[in-house]
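Engineer:
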Amino acid sequence: MLQRLGCEVLDLGLVADDPARIEAALCRGCEAADVVITSGGVSSGDADYLRRAMAALGDVAFWRIAMRPGRPMAFGRIASGSHDALLFGLPGNPVAVMVTFYAFVRDALLQLMGARAAPLPLWPVIALDALSKKLGRTEYQRARLQRLADGRWGARTTGNQGSAILHSMSEADGLLVLPDELGTVAAGATVDFLPFDGLI
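With the first letter of the sequence shown counted as 1, position 55 gets the number 55 in the UniProt record's numbering; the numbers rise by one all the way through.
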């Protein structure tokens with residue numbers, strides 16, 4: 001995803017769930033890059049140290065967002081010596097990483113690169129099944145497109161929408177984007193669809 005945007009990627013490897021090691025890794029990243037992107041360790045479990053490390057090295061602008069998948073996400077700025085960097089702390093589950101990257105990180109990186117961050121394409125499609133959704137949060141549900149007899153496009157989810165189920169992304173053509181003001185969506189309703197083509 002980063003290479004597709006034209007970013008130079010520096011892989012700092014895996015870091016154990018240890019506060020000192022996490023802070024040291026963030027300092028290395030801060031000294032080498034303009035933006036540090038992490039995956040995991042950002043929730044509220046006993047071994048989730050990233051937010052504390054961010055606060056120790058700089059500031060946390062926000063943590064936890066009203067979306068699914070991707071609720072445990074943090075953003076802020078960290079510093080090490082004379083260097084500073086933006087930090088996106090993405091969730092650990094792969095589906096949540098992909099969704100939060102396109103919802104938050106992509107546009108920020110493009111702007112930092114001096115590129116025009118064109119809005120992601122959203123297509124109106126017909127929900128072919130009722131979509132269970134909690135009111136008050138934005139949800140991104142994996143779905144496959146289907147051409148209808150009248151020429152319109154419909155979409156059906158790939159099944160279980162758990163954020164650890166990576167095969168649901170490989171089976172999907174894109175994401176149904178359901179805004180926070182929507183509750184459960186009835187079959188036959190028009191919803192927005194974000195195609196993967198050109199993104200992944």
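Backbone N, C-alpha and C fix where the C-beta goes; we use that ideal spot for every residue, glycine too.
1) Between L199 and chain C, is the shortest Cβ-Cβ distance under 9 Å, so that the two count as touching?
2) How many angstroms separate the CA atom of L176 from the CA atom of D59?
3) Mind checking whether I22 and G45 have CB atoms under 9 Å apart?
4) Look at L178 and V185 and say whether their C-beta atoms are less than 9 Å apart.
5) To test your reading of the DSSP string, which unbroken alpha helix (DSSP H) runs of 4 or more residues are found completely within the segment 112 to 177?
6) Pick out whichever of P94, L166, A143, D84 has its Cα sitting closest to the Cα of C30.
7) Identify every residue that forms a DSSP beta bridge with P72.
8) Could you please give me the residues that DSSP links to R77 through a beta bridge?
9) So which of A24, I126, G162 has the shortest CA-CA distance to V99?
10) Terminal residues of the continuous beta strand (DSSP E) containing V99?
11) Within 10 angstroms of the Cβ of A16, are there 16 or more other Cβ atoms? Answer buried if so, exposed if not.
12) Under 7 Å Cβ to Cβ from V9, same chain only, skipping five residues before and after it: list those, please.
13) Do L120 and E181 have their CB atoms nearer than 9 Å?
14) Could you pull the start and end residues of the beta strand (DSSP E) that P195 belongs to?
15) Which one of A108, A127, V105 has the shortest CA to CA distance from W153?
16) Please state if the CB of S43 and the CB of L57 are separated by a distance shorter than 9 Å.
17) Identify, in the order they occur along the chain, each residue of the same chain with its Cβ nearer than 7 Å to the Cβ of A33, setting aside the five sequence neighbours on each side.
Structural biologist: Considering the structure as presented:
1) Of the protein chains in this structure there is only one, and it is not chain C.
2) If you number the sequence shown from 1, residue 176 lands on position 176. If you number the sequence shown from 1, residue 59 lands on position 59. If I take the Cα positions, the gap works out to 33 Å.
3) The residue labelled residue 22 in the question sits at position 22 within the sequence shown. The residue labelled residue 45 in the question sits at position 45 within the sequence shown. No. Outside cutoff.
4) As a working mapping, residue 178 is identified with position 178 in the sequence shown. As a working mapping, residue 185 is identified with position 185 in the sequence shown. Yes, Cβ-Cβ distance for L178 and V185 is below 9 Å.
5) Within the segment 112 to 177, the complete alpha helix (DSSP H) runs of at least 4 residues are 167 to 170.
6) Taking the sequence shown and counting its residues from 1, one reaches residue 30 at position 30. Checking every option, the nearest Cα to that of C30 belongs to D84.
7) Residue mapping note: residue 72 aligns to position 72 of the sequence shown, counting from 1. For P72, which the question treats as bridged, DSSP gives no partner whatsoever.
8) Counting from one through the sequence shown, the residue named residue 77 turns up at place 77. Answer is D59, L86.
9) Walking along the sequence shown from the start, residue 99 turns up at place 99. Residue G162 holds the alpha-carbon nearest to the alpha-carbon of V99 among A24, I126, G162.
10) Residue mapping note: residue 99 aligns to position 99 of the sequence shown, counting from 1. In this chain, V99 is not harboured by any beta strand (DSSP E); it is covered by the alpha helix (DSSP H) spanning 94 to 100.
11) To locate residue 16, count along the sequence shown from 1; it is residue 16. Classification for A16: exposed.
12) Position 9 of the sequence shown, counted from the start, is the residue given in the question as residue 9. Only L2, Q3 meet the Cβ criterion.
13) In the sequence shown, residue 120 corresponds to position 120, counting from 1. In the sequence shown, residue 181 corresponds to position 181, counting from 1. Between L120 and E181, the C-beta gap is not smaller than 9 Å, which leaves the two residues out of contact.
14) Position 195 of the sequence shown, counting from 1, holds the residue named residue 195. The continuous beta strand (DSSP E) containing P195 extends over residues 190 to 195.
15) As a working mapping, residue 153 is identified with position 153 in the sequence shown. When each option's Cα is compared against that of W153, the closest is A127.
16) Residue mapping note: residue 57 aligns to position 57 of the sequence shown, counting from 1. Residue mapping note: residue 43 aligns to position 43 of the sequence shown, counting from 1. Not in contact: L57 and S43 (Cβ atoms no closer than 9 Å).
17) For the purposes of this step, residue 33 is taken as residue 33 along the sequence shown, with counting starting at 1. Correct list, in chain order: L10, A85.
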